[in-house]
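Asker:
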Amino acid sequence: MTAVSDTSAATRSPRKKSRLAKTLSLMRKKPLGAIGGVIILVFCLVALFAPWLAPFDPLKIDSSNLLTPPNASNWFGTDEFGRDILSRLIWGARISLFVGLSAVLLGTTTGSVLGLISGYFGGKLDSLIQRVMDTLMAFPMLVLALAMVAALGSSVRNVIIALAVVIMPNAARVIRSSALTVREKPFVEAAHNLGLSTWRILFRHVLPNCVAPFIILATAGLGSAILSEASLSFLGLGTPPPEPSWGAMLSGKTQRYMTEAPWLAIFPGLAITLVVFGFNFLGDALRDILDPKLRSR
Amino acid sequence: MTVYDRQLANGAATKEATMNKTVPVASDAPRPLVEVDDLKVHFPLRGGILGRPTGEAIKAVDGVSFTIFEGETLGLVGESGCGKSTTGRAILQLRRPTGGHVRFEGKDLVQASDDEMRAMRRHMQLIYQDPYSSLNPRMSVGDMIAEPIRVHGLRVGSVAVKDRVQELLELVGLSPDFAERFPHEFSGGQRQRVGIARALAMEPKFLVCDEPVSALDVSIQAQVINLMERLQDRLGLTYLFIAHGLAVVKHISDRIAVMYLGKVVELAKASELYTSPKHPYTRSLLSAVPIPDPKVEKSRKRIILQGDVPSPLNPPAGCRFHTRCPMAVPKCAAQEPPFVDTGSGHFAACWRSDEIQQMDVIAESKPNMLGGPHPIV
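Going down the list, the protein sequences come from chains W and Y. Under UniProt numbering, read the first sequence as residues 1 to 297, first letter to last. Under UniProt numbering, read the second sequence as residues 1 to 377, first letter to last.
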């Protein structure tokens, strides 16, 4: 046995690759994921550098330029107030991405932790958590979000909280069912037998094995979060009207002018679609990368 | 032997011995490491819409007692569902027992709180039957083995932990390079070695091996068994080796306990159990072991038990084996036979263990005396 150790110590392969090389090889293996990542990155950069990128002031009303189709100066056309759509899209990325991402992150994370606790511990705690989730799920998504924003007051922070609460029960349900399966696996008992703390078992052994549904939930939830923010804005409870958000651009008056001026809806719709696509691609790739079985070396 | 007995026997030195392992015990008599006393594990049944306990319970383990001495291997055999694995888990408190006592170095584990138990787990580990589901698929083998070392502070500093992991991998016959790999990259036998390395990371004294080779190929079984024997010699481990067949257990065990329907029916030195079993159930189990010689094998007489194992929900009164026993008498159905020493540490629970040598004759001439299904000889 000692002989084995000597030779292996000498021939230990330099397996450690540089971070850049690792990332590049990952991108080659998951081209769709890479595309998704690039889309998200571009949108984030756009949101970040909005003041420098936007050709016009997104709030500037120009009554001589109402509903102009896309042209050389207004690439994506103007809306019913003569505001530049491209500029509004660029500025809107800030609110839409911020609200969508934060709501999904907050909602799926709290939902997952609750689902994990619920599924792993079971018993009365499980019943309690699940009944609360049932109650939340009994309301239509938008009605619940509306009620919450109405109660908390309309602000970006409260919209995020309201959307997170709406997203949470789904996550709690899905993760609970995964946790129920995983907790019966012998490796969880083994972890317990190794004298590990309950929290360590939960977050190091059970949670990582529930990660696939978590990522799917998060990516699928993002699109609906951006759209729900839109609906809230439309009802006057989301982002206050003159502020641009993609959802707000799609709703309201847009619907009346859509047939004559389709660019009003096409560009914000396209932006939402792209972001959702980007997250789905990225999420799929992440799920595979995080699974050692699917990650070929 | 209770703690009290031992204290009387060894005087004040014993207390020190249990506190501080380096103090040797004066006599060369083997020191009991694990004492199981009337261990019971019942699973209450729930029924109705509200899922209330019905008062009935599945008696998976129902009054099991034995002692495991330091450095020995106690084999535990029995057919599926007889409670062997549950016994193993109840000893480790992975299933809290319904009743009875489990003493480890004199300390009662049944009464230990969860926190106390967490500290005690260092000394006792479990090796799993299924090498596939017993390793976390999302953790590298190195992390898996390092985790208990870090959590229990057995080595301090990442270099020391890493060295220890590599040492453990070598100890179980794996290349230290494997630390970065994930479980799915290994074969069943290799995974089982990883499981053993993870258990050894805790530097335990006592290992419960829950059918550690029954999920492996025969050629790999021998390798793993040999590894376990080598480790025992090298590290002075004590094993409770659970298996459902006598063939594997015979090789590794010093003493063997035979379980039937939640009870130990016979316990003896391995050699003695094979040559002169004192319980009819053991005899029938032994007769099922094939002999690797076609001539002898042809003439081998098998005692095939009729019927199925009765439900542990409602075990038969008296001797639990009487419904299938080829030599049962009315007394067997009425009174439960005590688990007694029939001489030189050979325990058996049978009213007729003295007459057992005549069993073959009895079985041939008279089927089940109680009129039950008769055995084919």
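The beta-carbon is built from N, C-alpha and C at its ideal position, and this holds for glycine as well.
If you reduce the DSSP assignment to three classes, tell me which class Ile303 of chain Y lands in.
Answerer: What you label residue 303 of chain Y is simply residue 303 of the second sequence in a count that begins at 1. Correct three-state label for Ile303 of chain Y: coil.
Asker: Any idea what DSSP makes of Asp130 of chain Y, helix, strand or coil?
Answerer: For the purposes of this step, residue 130 of chain Y is identified with residue 130 of the second sequence, where counting begins at 1. Of the three classes helix, strand and coil, the one that applies to Asp130 of chain Y here is coil, per DSSP.
Asker: Can you tell me the Cα-Cα spacing of Arg324 of chain Y and Pro53 of chain Y, whole angstroms?
Answerer: Sequence index remark: in the second sequence, residue 324 of chain Y carries index 324 (1-based). Sequence index remark: in the second sequence, residue 53 of chain Y carries index 53 (1-based). If you take the alpha carbons of Arg324 of chain Y and Pro53 of chain Y, they lie about 31 Å apart.
Asker: Return the first residue and the last residue of the alpha helix (DSSP H) that Phe43 of chain W is part of.
Answerer: Your numbering for residue 43 of chain W matches position 43 in the first sequence. Here the alpha helix (DSSP H) through Phe43 of chain W covers 31-48.
Asker: Among the residues of its own chain, which have a CB less than 7 Å from the CB of residue 378 of chain Y, if the five just before and after it don't count?
Answerer: Here chain Y covers residues 1 to 377 and nothing more, so residue 378 of chain Y does not appear.
Asker: At the 7 Å Cβ level, is Phe281 of chain W part of the contact set with chain Y, yes or no?
Answerer: Start at 1 with the first residue of the first sequence, and residue 281 of chain W comes out as number 281. By this cut-off, Phe281 of chain W is not an interface position.
Asker: Note down the Cα distance separating Ser25 of chain W from Val156 of chain Y, rounded to an integer number of angstroms.
Answerer: For the purposes of this step, residue 25 of chain W is identified with residue 25 of the first sequence, where counting begins at 1. For the purposes of this step, residue 156 of chain Y is identified with residue 156 of the second sequence, where counting begins at 1. About 35 Å.
Asker: Helix, strand or coil for Pro310 of chain Y? Go by DSSP, reduced to three states.
Answerer: Position 310 of the second sequence holds residue 310 of chain Y. Note: Pro310 of chain Y maps to coil in three-state DSSP.
Asker: Leaving out five residues on either side along the sequence, give the residues of the same chain with a beta carbon under 7 Å from the beta carbon of Ala47 of chain W.
Answerer: What you label residue 47 of chain W is simply residue 47 of the first sequence in a count that begins at 1. Excluding residues within five positions, the ones whose Cβ falls inside 7 Å are Ala93, Arg94, Leu97.
Asker: Which residues does DSSP list as the beta-bridge partners of Cys332 of chain Y?
Answerer: The residue you call residue 332 of chain Y lines up with position 332 of the second sequence. DSSP output for Cys332 of chain Y lists no bridge partner at all.
Asker: Tell me whether the stretch 26-36 of chain W and the stretch 50-61 of chain W touch, counting them as touching only if at least three CB pairs, one residue from each stretch, are closer than 8 Å.
Answerer: Fewer than three beta-carbon pairs drawn from the stretch 26-36 of chain W and the stretch 50-61 of chain W are found closer than 8 Å, and the two stretches are therefore not classed as touching.
Asker: For a cutoff of 7 Å on Cβ pairs, would you count Ala230 of chain W as touching chain Y?
Answerer: Residue numbering aside, residue 230 of chain W sits at position 230 when the first sequence is read from its first letter. No, its Cβ sits nowhere closer than 7 Å to a Cβ of chain Y.
Asker: What residues are listed by DSSP as bridge partners for Lys59 of chain Y?
Answerer: By one-based count along the second sequence, residue 59 of chain Y stands at place 59. In the DSSP output, where bridge partners are listed per residue, Lys59 of chain Y has Y:His42.
Asker: Please state if the CB of Ser231 of chain W and the CB of Thr239 of chain W are separated by a distance shorter than 7 Å.
Answerer: As a first step, residue 239 of chain W is located in the first sequence; it is residue number 239 there, counting from the start. As a first step, residue 231 of chain W is located in the first sequence; it is residue number 231 there, counting from the start. Contact flag unset, no.
Asker: Going by CA-CA distance only, name the one from W:Phe76, W:Gly82, W:Ala191 that's closest to Met144 of chain Y.
Answerer: Position 144 of the second sequence holds residue 144 of chain Y. Checked all of W:Phe76, W:Gly82, W:Ala191; the closest Cα to Met144 of chain Y is W:Ala191.
Asker: What are the boundary residues of the beta strand (DSSP E) that includes Thr87 of chain Y?
Answerer: Along the second sequence, one-based indexing puts residue 87 of chain Y at 87. Segment 84-91 is the alpha helix (DSSP H) holding Thr87 of chain Y; no beta strand (DSSP E) there.
Asker: Could you check whether the Cβ of Lys190 of chain W sits closer than 7 Å to any Cβ belonging to chain Y?
Answerer: Here residue 190 of chain W refers to the residue found at position 190 when the first sequence is read from its first residue. The residue you asked about is not Lys; residue 190 of chain W is Ala in the sequence shown. Closer than 7 Å: yes.
Asker: Tell me whether Met120 of chain Y sits in a helix, a strand or coil according to DSSP, three-state version.
Answerer: Taking the first residue of the second sequence as 1, we reach residue 120 of chain Y at position 120. Three-state result, Met120 of chain Y: helix.
Asker: Would Gly201 of chain Y pass as a contact of Val141 of chain Y if the rule is Cβ separation under 7 Å?
Answerer: Position 201 of the second sequence, counted from the first residue, corresponds to residue 201 of chain Y. Position 141 of the second sequence, counted from the first residue, corresponds to residue 141 of chain Y. In the sequence as displayed, the identity of residue 201 of chain Y is Ala instead of Gly. No. Outside cutoff.
Asker: Exposed or buried, what is Leu267 of chain Y when buried is set at 16 or more other beta-carbons lying within 10 Å of its beta-carbon?
Answerer: Numbered from 1 along the second sequence, position 267 holds the residue referred to as residue 267 of chain Y. Counting Cβ neighbours within 10 Å, Leu267 of chain Y comes out buried, since at least 16 surround it.
Asker: Mind the definition here: the stretch 162-170 of chain W touches the stretch 100-116 of chain W only if three or more C-beta pairs lie below 8 Å; say whether that holds.
Answerer: yes
Asker: Does DSSP classify Cys210 of chain W as helix, strand or coil?
Answerer: To locate residue 210 of chain W, count along the first sequence from 1; it is residue 210. If DSSP states are grouped into helix, strand and coil, Cys210 of chain W belongs with the helices.
Asker: In chain order, what residues of the same chain have a beta carbon less than 7 Å from the beta carbon of Thr342 of chain Y, not counting five sequence neighbours either side?
Answerer: Counted from its first residue, the second sequence places residue 342 of chain Y at position 342. The answer, listed in chain order, is Lys278, Ala348, Ser353.
Asker: Quick check on the DSSP output: what are the complete beta strand (DSSP E) runs of length 3 or more inside the stretch 64-109 of chain W, in order along the chain?
Answerer: none
Asker: Does the beta carbon of Asn136 of chain Y come closer than 7 Å to any beta carbon on chain W?
Answerer: Numbered from its first residue, the second sequence carries residue 136 of chain Y at position 136. Proximity of Asn136 of chain Y to chain W, defined by a Cβ-Cβ separation below 7 Å, is satisfied.
Asker: Might you give, ordered along the chain, the residues of its own chain that have their beta carbon closer than 7 Å to the beta carbon of Met249 of chain W, omitting 5 neighbours on each side?
Answerer: Position 249 of the first sequence holds residue 249 of chain W. Excluding positions up to five away in sequence, the list reads Arg88, Gly92, Pro268.
Asker: Taking Cβ-Cβ distances shorter than 8 Å, what residues in chain W pair up with Pro148 of chain Y?
Answerer: Numbered from 1 along the second sequence, position 148 holds the residue referred to as residue 148 of chain Y. Leu194, Gly195, Leu196, listed in chain order.
Asker: Could you check whether Val213 of chain Y and Gln221 of chain Y sit closer than 7 Å to each other, using their CB atoms as the reference points?
Answerer: The residue you call residue 221 of chain Y lines up with position 221 of the second sequence. The residue you call residue 213 of chain Y lines up with position 213 of the second sequence. Result yes, Cβ atoms of Gln221 of chain Y and Val213 of chain Y sit closer than 7 Å.
Asker: Do the CB positions of Arg84 of chain W and Phe43 of chain W come within less than 7 Å of each other?
Answerer: Within the first sequence, the letter at position 84 stands for residue 84 of chain W. Within the first sequence, the letter at position 43 stands for residue 43 of chain W. As written in the sequence, residue 84 of chain W is Asp, which differs from the Arg given in the question. No; because the gap between Cβ atoms is not below 7 Å, this pair is not in contact.
Asker: Just to make sure I have the definition right: I need the residues of chain W whose C-beta is within less than 8 Å of the C-beta of His184 of chain Y. Which are they?
Answerer: What you label residue 184 of chain Y is simply residue 184 of the second sequence in a count that begins at 1. Per Cβ cutoff of 8 Å: Pro292, Lys293.
Asker: Output, in sequence order along the chain, the residues in the stretch 205-227 of chain W whose CB is closer than 9 Å to any CB in chain Y.
Answerer: Of all residues in the stretch 205-227 of chain W, only His205, Pro208, Asn209, Val211 come within less than 9 Å of chain Y when Cβ atoms are compared, listed by chain position.
Asker: Between which two residues does the beta strand (DSSP E) harbouring Asp210 of chain Y extend?
Answerer: As a first step, residue 210 of chain Y is located in the second sequence; it is residue number 210 there, counting from the start. From DSSP, the beta strand (DSSP E) with Asp210 of chain Y extends over 206-210.
Asker: Taking only beta-carbon atoms, is Arg118 of chain Y less than 7 Å away from chain W?
Answerer: As a first step, residue 118 of chain Y must be located in the second sequence, where it is residue number 118. For Arg118 of chain Y, the answer is yes, since a Cβ of chain W falls inside 7 Å of its Cβ.
Asker: Between which two residues does the alpha helix (DSSP H) holding Leu128 of chain W run?
Answerer: The residue labelled residue 128 of chain W in the question sits at position 128 within the first sequence. Taken as a continuous stretch (DSSP letters only), the alpha helix (DSSP H) holding Leu128 of chain W covers 123-138.
Asker: Exposed or buried, Thr73 of chain Y, counting other C-beta atoms within 10 Å across all chains shown (16 or more means buried)?
Answerer: Locating residue 73 of chain Y in the second sequence gives position 73, counting from the first residue. The residue in question, Thr73 of chain Y, is buried, as its Cβ has 16 or more Cβ neighbours within 10 Å.
Asker: Do Leu92 of chain Y and Met120 of chain Y have their CB atoms nearer than 7 Å?
Answerer: By 1-based counting over the second sequence, the position of residue 92 of chain Y is 92. By 1-based counting over the second sequence, the position of residue 120 of chain Y is 120. No. Outside cutoff.
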